[in-house]
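Below is one structure, written out as structure tokens; comments come after it.
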DNA sequence: GCGACAG
DNA sequence: ATCTTGTCGC
């Protein structure tokens, strides 16, 4: 699929901050895509050799039946350290290599991490969204920024995630009695629509099927 | 200044 | 993210 390179990846932390602040202005948090959605994708990362090697994986599933239709895995040297607030600079380079090889362009991409629920409203889902110019959703396994009320134990219930007096995402229960996930808009999709698609992609487990498939691909010892 | 801190 | 067995609970 097509990738729109917006900047180089050889950056200092100060330059990375400048890029986040500049590109943030281009993020769209409203629905801007045509339905019906036919394909959904999930991306995930794995590491080897104490983090020196990155493994990126992409899984494209049909929607709404969620059957595997395309996959891609790439391995390359890791070029940026993990620093809270700058996850995208560590993971996106490899993810783009993997996405470039995908033959089916998905209609929505689920990312492992936050969207606008980020200190500068520019988490990995937003960053990736601008590079692929497709709807992206951040589905994180843990809280990064913001606070929220307690939420019911039933699947489908959710509470707004508030940060600096703004709703930046939602805490969503995707399975009864199981730890919730943190959903936020990445690009070209609203929060309520994002929640709807996350629920439609989590028929059985806590995380979206797309992410689960990508996760096992990125974790496999093979190449 | 002191903690907290997506993966 | 990754290093790792058994174990508690439905």
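In UniProt numbering, the protein residues as written are 1 to 223. Note that beta-carbon positions come from the ideal geometry of N, C-alpha and C, so glycine has one too. Just so you know, these numbers come straight off a predicted model, no measurement behind them.
The alpha helix (DSSP H) enclosing residue 24, as first and last residue numbers: 13 to 24
Cβ separation of residue 214 and residue 57, assumed to be a contact under 8 angstroms, to the nearest whole Å: Residue 57 and residue 214 do touch by the CB rule: their CB atoms are close to 5 angstroms apart, below 8 angstroms.
Does the Cβ-Cβ distance between residue 130 and residue 13 come in under 9 angstroms? no
Could you check if residue 216 is buried or exposed, using at least 16 other CB atoms within 10 Å of its CB as the buried criterion? exposed
Which residue from 96, 53, 99, 89 puts its Cα closest to that of residue 78? 53
Tell me the DSSP secondary structure of residue 4 in three-state form. coil
Relative to the alpha-carbon of residue 19, which residue among 70, 7, 72 has its alpha-carbon at the smallest distance? Looking at 70, 7, 72, the one whose alpha-carbon comes closest to that of residue 19 is 7.
Counting Cβ pairs, one atom from each stretch, are 3 or more of them under 8 angstroms apart for the segment 143 to 152 and the segment 33 to 46? no
Which two residues bound the contiguous alpha helix (DSSP H) that contains residue 213? 209 to 219
Opposing strand residues paired with residue 158 [DSSP bridges]: 172
Since I believe residue 210 is in contact with residue 99 (beta carbons under 8 angstroms), could you give me their beta-carbon distance rounded to a whole number of angstroms? About 13 angstroms separates the beta carbons of residue 99 and residue 210, which is beyond the 8 angstroms limit, so they are not a contact pair.
Is it the case that the Cβ atoms of residue 70 and residue 103 are separated by a distance below 9 angstroms? yes
Less than 9 angstroms between the C-beta atoms of residue 152 and residue 175, yes or no? no
Does the pairing of the segment 117 to 133 with the segment 85 to 100 give three or more beta-carbon distances under 8 angstroms? yes
Give a single yes or no on whether residue 79 has its beta carbon closer than 8 angstroms to a heavy atom of the ligand MG. By its list of ligands, the structure shown contains no ligand whatsoever, and the ligand MG lies outside what it can speak to.
Can you check the segment 46 to 110 for any alpha helix (DSSP H) of at least 4 residues that lies completely inside it and give the ranges in chain order? 87 to 100
Whole-number beta carbon distance between residue 63 and residue 37, since they are thought to touch under 8 angstroms: 5 angstroms
Determine the DSSP secondary structure at residue 137, reduced to helix, strand or coil. Reduced to three states, the DSSP call for residue 137 is strand.
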